[in-house]
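In what follows, a single structure is set out as structure tokens and then discussed.
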Amino acid sequence: MIEVVFFAALRERVGEDSLRVTPPETVTTVAALCDWLADQYPAVGRALEATPRRMVAINEALAEPDSAVADGDTVALFPPVTGG
Amino acid sequence: MTRIHVAITAEPLESHLSSEGQDGRSGAEVRFSGRVRDESGRVRALFLEHYPGMTERALRRIGEHAQQRWALNAIEMIHRVGEIQVGEEIVRVVVWAGHRHAAFEACAFLMDVLKSQVPLWKKELSDDGWHWVEARERDAEAAARWMAPASERAR
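Residue numbers (our numbering), protein chains in the order written: chain E, -19 to 64; chain F, 1355 to 1509.
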């Protein structure tokens, strides 16, 4: 199981704080996970499409679209940060 | 040994006092405070969202990077979250060092990297309601200027 969490504008567009998902074993990267989520959850697909600039963190560390995801990970998706 | 203090708080930062800097080792204390601008009356308030856990870890990590790069005695990074009124402090970064150059540079580095890598998101309240603030390209560029090639850094 992978926990996917959303923040800020992306969270509001999805309408959920988080999802617990079990993608097939062929889903091994962040990019593949996003594609799979968009396919399985239309609300997520629309939210991702509306948020083309995104950042990702795996287990609370910044990562890239081609970073590996595995069972048990927490994957956070969010718009570019705007603190400070 | 650099002491690194990080905090996320929903309380006004004005009440936060630090006891750092009084042990005789720090000849320099550089403090940056970011405050809410009203953008010529357009903005009434901000709301800051964060990623509990990761935000604190990310702040500590950039503090550790600064500690490796400059000779520092202590770093404090506090970021406010929740609703913040015009004129109030959003963020405070304080650096204590033996000498001013390290303190000035490290403080600028911490703010530039905070703005592009630490999970925090701003919403603005204006006359037509709340709107998320879009990230600006120049903030990413400001952070990138610290990422010199490793060969240059080693000199």
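All residues carry an ideal CB built from backbone N, CA and C; glycine is no exception.
Asked                                                                                                                                                                : Found
Find out if the Cβ-Cβ distance for the pair F:T1409, F:I1362 is shorter than 8 Å.                                                                                    : yes
Quick one, which of F:R1423, F:R1454 and F:A1489 has its alpha-carbon nearest F:M1355's?                                                                             : F:R1423
Out of F:W1475, F:P1406, F:C1461 and F:V1435, which has the shortest C-alpha to C-alpha gap to E:P59?                                                                : F:W1475
Against chain F, does E:A37 count as a neighbour if the rule is that its beta carbon must be under 8 Å from one of theirs?                                           : yes
What does the Cβ neighbour count give for F:Q1471, buried or exposed, with the cut at 16 atoms within 10 Å?                                                          : buried
Return no unless some Cβ of chain F is closer than 8 Å to the Cβ of E:G52.                                                                                           : no
Name the two residues that bound the continuous alpha helix (DSSP H) containing E:M35.                                                                               : Unbroken run through E:M35 is the beta strand (DSSP E), M35 to I38; no alpha helix (DSSP H).
Closer than 8 Å is the cut-off here; do at least three beta carbon pairs connect the stretch 19 to 31 of chain E with the stretch -9 to -1 of chain E?               : yes
Apart from the five residues on each side of it in sequence, which residues of its chain come closer than 6 Å, Cβ to Cβ, to F:L1479?                                 : R1398 and A1399
Note down, in chain order, all residues in the stretch 1423 to 1453 of chain F with a beta-carbon under 8 Å from any beta-carbon belonging to chain E.               : H1433, I1444 and V1445
State yes or no: is the beta carbon of E:E40 nearer than 8 Å to at least one beta carbon in chain F?                                                                 : yes
Return the bridge partner residues of F:F1463 from the DSSP annotation.                                                                                              : DSSP, once it has assigned bridges, lists no residue as partnering F:F1463.
Are there 16 or more other CB atoms within 10 angstroms of the CB of E:T2, so buried, or fewer, so exposed?                                                          : exposed
Using CA coordinates, which residue listed in F:E1383, F:H1485, F:G1395 and F:G1407 is at the minimum distance from F:E1459?                                         : F:E1383
Alpha carbon to alpha carbon, what distance is there between E:N39 and E:A11?                                                                                        : 16 Å
Run through the stretch 1393 to 1434 of chain F for me and flag every whole beta strand (DSSP E) of 3 or more residues, listed as ranges in chain order.             : 1399 to 1404 and 1426 to 1434
Here's a check: name, in chain order, each residue in its chain whose Cβ is nearer than 6 Å to the Cβ of E:M(-19), leaving out the five neighbours to either side.   : R0 and T2
Touch check for the stretch 1443 to 1450 of chain F and the stretch 1413 to 1433 of chain F: three-plus C-beta pairs under 8 Å?                                      : yes
Please confirm if E:T62 has its CB atom under 8 Å from at least one CB of chain F.                                                                                   : yes
For F:R1391, I'd like the list of residues in its chain whose CB is within less than 7 Å of its CB, leaving aside the five on either flank, ordered along the chain. : V1397
What three-state label does DSSP hand F:F1458 in the structure shown?                                                                                                : helix
Hey, out of F:M1431, F:Q1376 and F:P1406, whose CA is closest to F:E1418's CA?                                                                                       : F:M1431
Within the 8 Å Cβ cut-off, does E:F58 reach chain F?                                                                                                                 : yes
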